[in-house]
Amino acid sequence: GAMAGGGRYAHLERALGRELLQAVHNSRILCVGAGGIGCELLKNLVLAGFRNIEVIDLDTIDVSNLNRQFLFRGRHVGMSKSMVAREAALEFNPEADIKAHHGNIKAEEFGLEYFRRFDLVLNALDNVNARQHVNRLCLAADIPLVDSGTTGYLGQTTVIKKGETQCYDCDPKTDNKKSFPICTIRNTPDKPVHCIVWAKELFKLMFGRMDESMLSGVDAAAEDGGPAASEAQASTLSDAERAAAAELQEKEKEVRSHIMSSVARPDGADCDDEVKLRAYARGVFDAVFNNEIRLKLKLRNGYKGAKKKPTPLPLEAALADETSPTPARGDSALRDQRVLSLKECANLFEDTVVRMWAPERRGTIGDAVFDKDDALALDFVTAAANLRSHVFNIERKSRFDVKGIAGNIIHAIATTNAIVAGLQVLEAIKLLGTLKSAPVQSAALPVAKDDEEAKVTRQSRAVWVVREPIGSGFL
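In structure tokens form, the structure reads like this:
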């Protein structure tokens, strides 16, 4: 009865026409995800007159979500995203019927039969794997899917329909993690990220699978351009050069074995002896920030090709340096934004090693994997990366920045999420217009040719969100 006269939907009826609004009201929508895009999407759906919605999300609300996932408040931290999003969205339109599921879209209960109950599926996901899963189910169930995604200031909204458009898997998805040459990480860093990657490798060497760390020295000579690097080159070398190369390789081995013996893990009673653990931590400090650098500087071309020549850092020197690029603030919330002094880094390095060997953490040693959300691992990597940065005269970074770089975090932008979610609802309305053959009232849409006439996606658009205008208006 809300259709008559004024009321909640009057403006929508004027914009869409009665038939299309009725199609919107009656449609059944599945919304996959209730996070950054999902919050925007649910709000848009209920305000655009959609009344039958189910939302699925496996996640719970974290305090870091609150800057953009605006259906959530501080009191909701720890609660289910989909459940809280449902409550919040109902306040926008109490007439809506929203079902929330706190679960994984890949669970069996959300199979083909489940998908067939819906007219449209809208994705609000943050990972390729789940998108591939939903894409395949929508193809199998022959239901149109409106997918979206954002990366910082960039985003896109695309419509996928079996037999009419490309599907999500038609374009291979590239893994855009950056990788760096081993020699850059081991010998010639010149950016903070190189030192952070090195610190993650040191974490692996000390606490994870030692042989998988690029610092473990397996095949070091070949990597570092030693004599093993090229046989063809070897035949043109004079005896003296060959001898020099062999000597360099020996020295490299010596440096490597010095590091490997310093990181040999304590065992037996030593694990419970804090004095011995601290001595162990200092031994590693000395090996990687002081001795390795000193020994390599002695080699004739120990740091050839290095843009930044390193300066060895003895522990005493580090402990004596209390200067920090950013002033200390009493405010603990901003503690992570401050760049630590060398003294703080050296103490943090030692403390984290001792804490990794504490009884409650010791079980992970040998299998420990760096995780940006593991405070102890992040402390270790922050300290080690900053100490190495200092050695190579590279800008040091705050714990917050190290977390972002080490965890490959691209900070989400609220407005990009809002834009793609808005585009998704526009695409959903156009799809309903063709699915239910309710006319979409817009003169701007081209008149379809006959073979096009049957296509559900004949009015659909793929839209990209970019940071700067690119001129033509089309990609």
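The number in this note's numbering is simply the position in the sequence shown, starting from 1, with 218 added. Think of the CB as a built atom: it goes at the ideal place given N, C-alpha and C, for glycine as much as any other residue.
- Please classify K396: is it buried, with 16 or more other beta-carbons within 10 angstroms of its beta-carbon, or exposed? As a working mapping, residue 396 is identified with position 178 in the sequence shown. It counts as exposed.
- Query: Given that a residue counts as buried once 16 or more other Cβ atoms are within 10 Å of its Cβ, and exposed if not, what is R286?
  - Reply: The sequence position of residue 286 within the sequence shown is 68, counting from 1. Buried: at least 16 other Cβ atoms inside 10 Å.
- Item | I378 burial status per 10 Å Cβ neighbour count (16 or more: buried) | Residue 378 sits at position 160 when you count from the first residue of the sequence shown. So I378 ends up on the buried side.
- Contact under 8 Å by Cβ, R304 with V273: For this step, residue 304 is matched to residue 86 along the sequence shown. For this step, residue 273 is matched to residue 55 along the sequence shown. Cβ distance < 8 Å, so R304 and V273 count as in contact.
- Exposure label - I279; buried when at least 16 CB within 10 Å: Position 61 of the sequence shown, counted from the first residue, corresponds to residue 279. With 16 or more Cβ atoms within 10 Å of its Cβ, I279 is classed as buried.
- Does the Cβ of R685 have 16 or more other Cβ atoms within 10 Å, making it buried, or fewer, making it exposed? Here residue 685 is taken as the residue at index 467 of the sequence shown, counted from 1. Under this definition R685 is an exposed residue.
- Residue span of the alpha helix (DSSP H) that contains I414, given as start and end: One-based indexing of the sequence shown puts residue 414 at position 196. Segment 410-425, the alpha helix (DSSP H) holding I414.
- Inter-residue Cα distance where the pair is P445 and A458: The residue labelled residue 445 in the question sits at position 227 within the sequence shown. The residue labelled residue 458 in the question sits at position 240 within the sequence shown. Legend: pLDDT at P445 = 39, less than 50; position of this residue unreliable, value from coordinates given subsequently. Spanning the two alpha carbons is a distance of roughly 13 Å.
- Query: So what does DSSP say about I628, is it helix, strand or coil?
  - Reply: On the sequence shown, position 410 is the one that residue 628 refers to. The answer is coil: DSSP assigns I628 none of H, G, I, E or B.
- Query: CA-CA distance, N508 and A538?
  - Reply: Residue mapping note: residue 508 aligns to position 290 of the sequence shown, counting from 1. Residue mapping note: residue 538 aligns to position 320 of the sequence shown, counting from 1. Those two C-alpha atoms are separated by around 15 Å.
- CB G256 to CB D275, shorter than 8 Å? Within the sequence shown, residue 256 is the residue found at index 38, counting from 1. Within the sequence shown, residue 275 is the residue found at index 57, counting from 1. Yes.
- Message: Counting beta carbon pairs with one atom in the region 600-615 and one in the region 342-353, are three or more of them shorter than 8 Å?
- Response: no
- Among L343, K380, L355, the one whose alpha carbon lies nearest that of S366: Reading the sequence shown from its first residue, position 148 is the one you call residue 366. Closest by C-alpha distance to S366, out of L343, K380, L355, is L343.
- Distance between V643 and G381 (C-alpha atoms, nearest Å): Here residue 381 corresponds to residue number 163 of the sequence shown, with the count starting at 1. Here residue 643 corresponds to residue number 425 of the sequence shown, with the count starting at 1. Whole-angstrom Cα-Cα distance: 22 Å.
- Message: Among V481, G625, T402, whose alpha-carbon lies nearest the alpha-carbon of K527?
- Response: The sequence position of residue 527 within the sequence shown is 309, counting from 1. Looking at the Cα atoms, T402 is the closest of the given residues.
- Buried versus exposed, by CB contacts within 10 Å (16 or more), S456: Translated into the one-based positions of the sequence shown, residue 456 becomes position 238. So S456 counts as exposed.
- Query: Where S479 and D485 are concerned, what is the direct C-alpha to C-alpha distance, given to the nearest angstrom?
  - Reply: Counting from 1 along the sequence shown, the entry for residue 479 is found at position 261. Counting from 1 along the sequence shown, the entry for residue 485 is found at position 267. Cα to Cα, the separation comes out at about 14 Å.
- Message: Let me make sure I understand the geometry here. Which of A672, C489, I400, A646 has the alpha-carbon closest to that of R679?
- Response: Taking the first residue of the sequence shown as position 1, residue 679 is located at position 461. Closest option to R679, Cα to Cα, is A646.
- Query: For R232, does the count of other Cβ atoms within 10 angstroms reach 16, so buried, or fall short, so exposed?
  - Reply: As a first step, residue 232 must be located in the sequence shown, where it is residue number 14. R232 is exposed by the Cβ-count criterion.
- Three-state class that DSSP yields for Q350 in the structure shown: Numbered from its first residue, the sequence shown carries residue 350 at position 132. In the structure shown, Q350 sits in a helix (DSSP, three-state: H, G or I).
- Contact set for R579: own chain, Cβ-Cβ below 6 Å, skip 5 residues either direction: Walking along the sequence shown from the start, residue 579 turns up at place 361. Counting only Cβ-Cβ distances below 6 Å, and skipping sequence neighbours, we find nothing.
- In three-state terms, what does DSSP make of E704? Coverage of the chain is limited to positions 219 through 693, which leaves residue 704 absent and any answer about it impossible.
- Candidates K494, E492, I477, E313: closest to I511 by CA position: Taking the sequence shown and counting its residues from 1, one reaches residue 511 at position 293. Closest by C-alpha distance to I511, out of K494, E492, I477, E313, is I477.
- Could you check where the alpha helix (DSSP H) with D569 kicks off and where it finishes? Along the sequence shown, read from residue 1 onward, the residue named residue 569 stands at position 351. Secondary structure note for D569: its alpha helix (DSSP H) is the uninterrupted segment 560-574.
- Item | Sequence-distant residues of its chain with Cβ nearer than 6 Å to I627 (five each side left out) | Translated into positions along the sequence shown, residue 627 becomes position 409. Within the same chain, I627 has no close Cβ partners at all.
- Task: Just grab the DSSP bridge partners of H319 for me.
- Result: The residue given as residue 319 occupies position 101 in the sequence shown. As computed with DSSP, H319 is found in a beta bridge with I274.
- Candidates V295, R354, E258: which alpha carbon is nearest F310's? Reading the sequence shown from its first residue, position 92 is the one you call residue 310. The shortest C-alpha separation from F310 is found at E258.
- DSSP state of A661, grouped into three classes? The residue labelled residue 661 in the question sits at position 443 within the sequence shown. Any reading at A661 needs caution, since the residue's pLDDT is 45, under 50, leaving its predicted position unreliable; the model's value is listed next. In the three-state DSSP reduction, A661 falls in the coil class, being neither helix nor strand.
- Query: Three-state secondary structure (DSSP) at S542?
  - Reply: Here the question's residue 542 lines up with position 324 in the sequence shown. Three-state result, S542: coil.
- Is I247 helix, strand or coil by DSSP? By one-based count along the sequence shown, residue 247 stands at place 29. Reduced to three states, the DSSP call for I247 is strand.
- Query: When the Cα atoms are used, what is the spatial distance from G235 to A359?
  - Reply: Here residue 235 is taken as the residue at index 17 of the sequence shown, counted from 1. Here residue 359 is taken as the residue at index 141 of the sequence shown, counted from 1. Going by the C-alpha atoms only, they are around 29 Å apart.
- Task: Could you check the C-alpha separation between D589 and P577 for me, to the nearest Å?
- Result: As a position in the sequence shown, residue 589 is number 371, starting the count at 1. As a position in the sequence shown, residue 577 is number 359, starting the count at 1. If you take the alpha carbons of D589 and P577, they lie about 20 Å apart.
- Query: The beta strand (DSSP E) with L230 in it runs from where to where?
  - Reply: By one-based count along the sequence shown, residue 230 stands at place 12. Looking at the DSSP string, L230 is not in any beta strand (DSSP E); the run it does join, the alpha helix (DSSP H), is 228-234.
- Close beta carbons around V572, own chain, < 7 Å, minus the five adjacent residues each side: Indexing the sequence shown from 1 puts residue 572 at position 354. If we look at V572 and ignore the five residues flanking it on each side, its Cβ neighbours are E492, L495, R496, A499.
- Taking the alpha-carbon positions, what's the V415 to R553 distance? What you label residue 415 is simply residue 197 of the sequence shown in a count that begins at 1. What you label residue 553 is simply residue 335 of the sequence shown in a count that begins at 1. C-alpha separation (whole angstroms): 23 Å.
- Taking Cβ to Cβ, would you say V250 is nearer than 8 Å to A266? By one-based count along the sequence shown, residue 250 stands at place 32. By one-based count along the sequence shown, residue 266 stands at place 48. No; because the gap between Cβ atoms is not below 8 Å, this pair is not in contact.
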